[in-house]
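Note sheet for the following structure.
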Amino acid sequence: MRKGQYRFVAGFLFVPVALYLIFVIWPYIQTFGYSLTDWKGQSQTFKFVGLDNYRALFQDDVFMQAIWHNILFLVFIPVITILLALFFAFMVNAGGRGRAGGVQGVTGSKFYKIIYFFPQVLSLAILAVLFNAVYRSDGGGLLNGFLIKIGLVDANNPVEWLNEPNMVLWALILVVVWHGVGFYLVLFSAAMQSIPKDIYEAALIDGAGRSQSFLRITLPLLWDTVQTAWVYLGIVAMDMFVLVSSMTQNMGAYGGGPDHHSDVMSTVMMRNFLYYGKSGYACAMGVVMLLLTLVLSVVTLRATRRERIEF
1 MRKGQYRFVA GFLFVPVALY LIFVIWPYIQ TFGYSLTDWK GQSQTFKFVG LDNYRALFQD
61 DVFMQAIWHN ILFLVFIPVI TILLALFFAF MVNAGGRGRA GGVQGVTGSK FYKIIYFFPQ
121 VLSLAILAVL FNAVYRSDGG GLLNGFLIKI GLVDANNPVE WLNEPNMVLW ALILVVVWHG
181 VGFYLVLFSA AMQSIPKDIY EAALIDGAGR SQSFLRITLP LLWDTVQTAW VYLGIVAMDM
241 FVLVSSMTQN MGAYGGGPDH HSDVMSTVMM RNFLYYGKSG YACAMGVVML LLTLVLSVVT
301 LRATRRERIE F
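In this text, residue positions in the sequence shown follow the UniProt record's numbering: the first is 1, and each later residue adds one.
Next up, the structure:
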């Protein structure tokens, strides 16, 4: 019976595992193999160069600058997005008071969930078009137009949001946060709805305020969900290719600008692969990106690990 059961399970697993190995694992292996060569991407003739691509990689100032940009995204995107999503989720689920003294969301909480989630249905390409209009470096841009109206910016000298080295990264962070908060609000709201209202009502009777209820009840009980959200947002921060290449495309091939002040690892990789024809070198960048993402995920999961709280 047990042998028959194993055959039955193995029969169902064989096809998906085989597809996963062929279409996911094998490309990773090929990428690592190409990273050890001087492959140009246009022909199948190449020479084995060993670790030369990796040595050159860590002497490449543009790539090292791109890594620091990804680190900046990695620090601020998860923190800002999760804090805002937790706050809004708490308000729409437990931020109000019922007529009988119970706990409920603020007035219009269902409507707020729809409004906050709306940006999530937009693709990143559409977001790039929308925020290019917001950040336009003339009086016709929404942000510059508003600042000119209230007198904070001179109409003859508008701010070039996507061309200022000290502003472009923060402008991109704002786009990612605006896009992601709604999704994580819904995620945290679903987790909060599993928390018994009796816990909040007991805390309310004991005199706990909203901040105490959030810090001592909501956050500890949502820690597993927060941990998962942090990993997902970390992976988003390690990519950023679509927004950088779309919103800064007028400042250099595949984004980044002439001074590379908005470059991330993915844009540098694609520029070397498609624009410079240094495909083996680009594959080495891809391997480094994969390893950094894996290390990030493992470190985040271990650093935020804690005992499960039952309720």
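By construction, the Cβ of each residue, glycine as well, lies at the ideal position given by its N, Cα and C atoms.
For residue i, the three-state DSSP class (helix, strand or coil)
i	result
Phe46	coil
Thr300	helix
Thr293	helix
Met251	With a pLDDT of only 48 at Met251, under the threshold of 50, the placement of this residue in the model should not be trusted; the figure read from the coordinates follows. Reduced to three states, the DSSP call for Met251 is helix.
Distance between beta carbons of residue j and residue i, contact taken as under 8 Å
i	j	result
Ser189	Lys113	7 Å
Val176	Leu243	7 Å
Leu172	Met247	7 Å
Tyr135	Trp170	The Cβ separation is near 11 Å, so there is no contact.
Asn70	Met192	Actually they are not in contact, since the Cβ atoms of Asn70 and Met192 sit about 31 Å apart, beyond 8 Å.
Asn163	Ser137	6 Å
Phe73	Met240	6 Å
Ile77	Val236	7 Å
Gly277	Gly41	6 Å
Thr180	Leu233	It should be noted that the sequence gives Gly, not Thr, for residue 180. About 7 Å separates the two Cβ atoms, so the contact holds.
His260	Val62	5 Å
Tyr28	Leu292	That belief does not hold up - the Cβ atoms of Tyr28 and Leu292 are roughly 14 Å apart, past 8 Å.
Endpoints, the alpha helix (DSSP H) within which residue i is located
i	result
residue 312	Residue 312 lies beyond the range of the chain shown here (1 to 311); nothing can be said about it.
Phe111	109-117
residue 390	A query on residue 390 cannot be resolved here, the shown segment of the chain reaching from 1 to 311 and no further.
Arg55	52-57
Val176	168-192
Val134	124-134
Met265	265-270
Tyr200	197-205
Ile217	Neither: Ile217 is in no alpha helix (DSSP H) and is coded neither H nor E.
Leu142	142-149
Close-in-space but distant-in-sequence residues of the same chain around residue i (CB under 8 Å, 5 per side omitted)
i	result
Phe58	Met64
Gln212	Ala203
Gln44	none
Cut-off 7 Å between Cβ atoms - residues of its own chain near residue i, not counting five sequence neighbours on either side
i	result
Tyr184	Thr81, Ile82, Ala85, Ala229
Ala282	Met269, Asn272, Phe273
Met167	Trp161
Val226	Ile82
Tyr116	Phe88, Val181, Gly182, Leu185
Phe48	Leu36, Thr37
Leu13	none
Buried/exposed call for residue i, threshold 16 Cβ in 10 Å
i	result
Ile217	buried
Trp26	exposed
Phe118	exposed
Lys149	exposed
Leu152	exposed
Phe214	buried
Ser35	buried
Val288	buried
Tyr275	exposed
Thr107	exposed
Pro123	Note on identity: in this sequence residue 123 is Ser, with Pro being the wrong assignment. Counting Cβ neighbours within 10 Å, Ser123 comes out exposed, since fewer than 16 surround it.
Ala284	buried
Leu222	buried
Ile67	buried
Gly141	buried
Phe131	buried
Ser245	buried
Ala10	exposed
Gly207	exposed
Ala128	buried
Ser279	buried
Tyr200	buried
Asp154	exposed
Val17	exposed
Cβ neighbours of residue i in the same chain (closer than 6 Å, five flanking residues each side left out)
i	result
Val231	Ser297, Thr300
Phe46	Thr37, Asp38, Trp39
Pro165	His261
Ser109	Val92
Gln30	none
Val24	none
Proximity test, residue i beta-carbon vs the ligand PLP heavy atom, cut-off 6 Å
i	result
Met247	This structure does not include the ligand PLP; it has no bound ligands of any sort.
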